[in-house]
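In the working numbering, the protein residues as written are 71 to 586. Glycine included, C-beta positions come from ideal geometry on N, C-alpha and C. Please read these numbers as outputs of a predicted model, since none were measured by experiment.
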């Protein structure tokens, strides 16, 4: 009996050893082959997932403000849309969306809106609309939309593009490095002979795998991507230093100089803390090189680091959850994603206390600026790309209505209200921006009349924008919404399904349907 137990134990040990050997990644294999071997070959019962270490920066919702106490609302534009695609990933997988993963402005700005093209000297047109608020019956909503000028491809400047690609061990998953490589190929197809491309990779250390190459030599660039494999730790700081060095050495004066970082954000060697990355990227911003950050993967996804890089590096940020999203952001919206037509775009609104009892900016919590920052050209703000649109919503509590959200007045607050020639004005909105190669800002101003349209008579874009905001506030479990009905959100979204050539609005309706 003792011998039988011995042989049974020996057989078990040999079996386990054989299984481990069969599933051990081959260091010479392609990353996509490794990913398929290590996930698809193991049954559901045997597979033990890695612990979820995703990180998101905490956000505190913007409160209602009194125009008597806080007359000015100032913020930087945000064209990022990573939050929406990340939320979509959670919902499609049947998971609860983390509150801090929800940035309402990025949900709004994922979608295209039918704003008019600018026809004056400025690179963007202004669109405003004022209507009812469906989640608080005594409130109203003010929509402010900027539409960037759509510059023809042949009129855009030559590009100096440096890809900075994460090939560390954490990228060894099907939805990381393999998807990253295919995504980059979509972008390469859009390049012209006047454009130059370099590739820097980082894992345990950083290195150049493709010296500056003409966009015309697409096969050579594609081959460089195909040769990439995952392994090692993540020297993110070193990679950033090298990528910007290469971008500056090949700087095109008057051109489009940009670093494109593609990673899961899991920096763990060198400058890795959020503060370290912030200081590093702020230094690099002064070089005149713009930044695009592309996020991939799940489980260890570091949204907090990715957003810091984009926000502080004259950049934009997208989360690529599938090849369709790569095709949208890097293919169809290539010009808006890669070519800035204005930088450091700031918005400042002064509300008229004759009509506005309280106001609240929806979203943009980490884009708010001090009132004095508006005219300070040293303060960084967002960029606007060719053909890009940016939308912001304010919830407004009109004078004379009852609301639980109106902030209490202080004892010594002035109570006079504007009248006379300003009696018909709801607000004055000012914009400041710089040309991509200039350090001096230009200011424009627009007056918004106190004229409200009923929600049912508002534009399809207004209805859809409102529905997206409403859903975002619900996911954030906002303390400022009284009505959280998914059926009403869905109904409002469906009434704004016009201008849906690519089906993204219909997809949004399905996402609302999937959340209780």
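What are the start and end residues of the alpha helix (DSSP H) that includes residue i?
{"i": "residue 314", "result": "306-319"}
{"i": "residue 416", "result": "No alpha helix (DSSP H) contains residue 416, which is instead part of the beta strand (DSSP E) from 410-421."}
{"i": "residue 557", "result": "556-564"}
{"i": "residue 394", "result": "393-396"}
{"i": "residue 252", "result": "247-258"}
{"i": "residue 432", "result": "Here residue 432 belongs to no alpha helix (DSSP H); instead the beta strand (DSSP E) covers 426-432."}
What are the boundary residues of the beta strand (DSSP E) that includes residue i?
{"i": "residue 195", "result": "194-202"}
{"i": "residue 218", "result": "210-218"}
{"i": "residue 146", "result": "142-146"}
{"i": "residue 268", "result": "266-272"}
{"i": "residue 500", "result": "495-504"}
{"i": "residue 390", "result": "Counting along the chain, residue 390 falls outside any beta strand (DSSP E), and DSSP gives it neither H nor E."}
Between the C-alpha atoms of residue i and residue j, what's the straight-line distance to the nearest angstrom?
{"i": "residue 356", "j": "residue 380", "result": "14 Å"}
{"i": "residue 190", "j": "residue 218", "result": "12 Å"}
{"i": "residue 392", "j": "residue 444", "result": "38 Å"}
{"i": "residue 515", "j": "residue 333", "result": "39 Å"}
{"i": "residue 438", "j": "residue 173", "result": "13 Å"}
{"i": "residue 476", "j": "residue 436", "result": "23 Å"}
{"i": "residue 605", "j": "residue 151", "result": "Summary: the structure shown does not reach residue 605, with the chain confined to residues 71 through 586, and so no result is reported for it."}
{"i": "residue 171", "j": "residue 396", "result": "20 Å"}
{"i": "residue 548", "j": "residue 478", "result": "20 Å"}
{"i": "residue 550", "j": "residue 540", "result": "11 Å"}
{"i": "residue 467", "j": "residue 290", "result": "59 Å"}
{"i": "residue 363", "j": "residue 400", "result": "12 Å"}
{"i": "residue 225", "j": "residue 495", "result": "39 Å"}
{"i": "residue 384", "j": "residue 354", "result": "9 Å"}
{"i": "residue 318", "j": "residue 268", "result": "12 Å"}
{"i": "residue 199", "j": "residue 434", "result": "19 Å"}
{"i": "residue 513", "j": "residue 192", "result": "10 Å"}
{"i": "residue 197", "j": "residue 186", "result": "8 Å"}
{"i": "residue 586", "j": "residue 134", "result": "27 Å"}
{"i": "residue 157", "j": "residue 408", "result": "24 Å"}
{"i": "residue 558", "j": "residue 298", "result": "48 Å"}
For residue i, which of helix, strand or coil comes out of DSSP?
{"i": "residue 579", "result": "helix"}
{"i": "residue 322", "result": "coil"}
{"i": "residue 328", "result": "strand"}
{"i": "residue 401", "result": "helix"}
{"i": "residue 541", "result": "helix"}
{"i": "residue 466", "result": "strand"}
{"i": "residue 155", "result": "helix"}
{"i": "residue 377", "result": "helix"}
{"i": "residue 294", "result": "helix"}
{"i": "residue 123", "result": "coil"}
{"i": "residue 277", "result": "strand"}
{"i": "residue 346", "result": "helix"}
{"i": "residue 515", "result": "strand"}
{"i": "residue 546", "result": "coil"}
{"i": "residue 76", "result": "Any answer about residue 76 is weak, because its pLDDT of 40 lies below 50 and its placement is not dependable; what the coordinates show is given next. Helix at residue 76."}
{"i": "residue 521", "result": "coil"}
Applying the criterion that 16 or more other CB atoms from any shown protein chain within 10 Å of the CB defines a buried residue, is residue i buried or exposed?
{"i": "residue 321", "result": "exposed"}
{"i": "residue 471", "result": "exposed"}
{"i": "residue 510", "result": "exposed"}
{"i": "residue 506", "result": "buried"}
{"i": "residue 579", "result": "buried"}
{"i": "residue 165", "result": "exposed"}
{"i": "residue 182", "result": "buried"}
{"i": "residue 155", "result": "buried"}
{"i": "residue 263", "result": "exposed"}
{"i": "residue 336", "result": "buried"}
{"i": "residue 94", "result": "Model confidence at residue 94 stands at a pLDDT of 32, short of 50, so the residue's coordinates are unreliable; what they give is reported in the following sentence. The residue in question, residue 94, is exposed, as its Cβ has fewer than 16 Cβ neighbours within 10 Å."}
{"i": "residue 123", "result": "exposed"}
{"i": "residue 128", "result": "exposed"}
{"i": "residue 571", "result": "exposed"}
{"i": "residue 277", "result": "exposed"}
{"i": "residue 163", "result": "exposed"}
Which residue wins for smallest C-alpha separation from residue i, given the options the options?
{"i": "residue 125", "options": "158, 147, 168 and 161", "result": "168"}
{"i": "residue 177", "options": "460, 298 and 279", "result": "460"}
{"i": "residue 313", "options": "327, 300, 303 and 301", "result": "327"}
{"i": "residue 442", "options": "453, 148, 336 and 419", "result": "419"}
{"i": "residue 288", "options": "261, 324 and 400", "result": "261"}
{"i": "residue 508", "options": "325, 584 and 363", "result": "325"}
{"i": "residue 371", "options": "448, 159, 316 and 586", "result": "159"}
{"i": "residue 233", "options": "154, 500 and 360", "result": "360"}
{"i": "residue 440", "options": "417, 456, 454 and 453", "result": "417"}
{"i": "residue 502", "options": "456, 223 and 450", "result": "450"}
{"i": "residue 621", "options": "311, 346, 250 and 257", "result": "One cannot answer for residue 621 here, as it falls past the ends of the chain, which runs 71 to 586."}
{"i": "residue 206", "options": "136, 473, 247 and 163", "result": "473"}
{"i": "residue 216", "options": "544, 554 and 500", "result": "500"}
{"i": "residue 209", "options": "564, 552, 558 and 557", "result": "552"}
{"i": "residue 141", "options": "211, 457, 563 and 431", "result": "431"}
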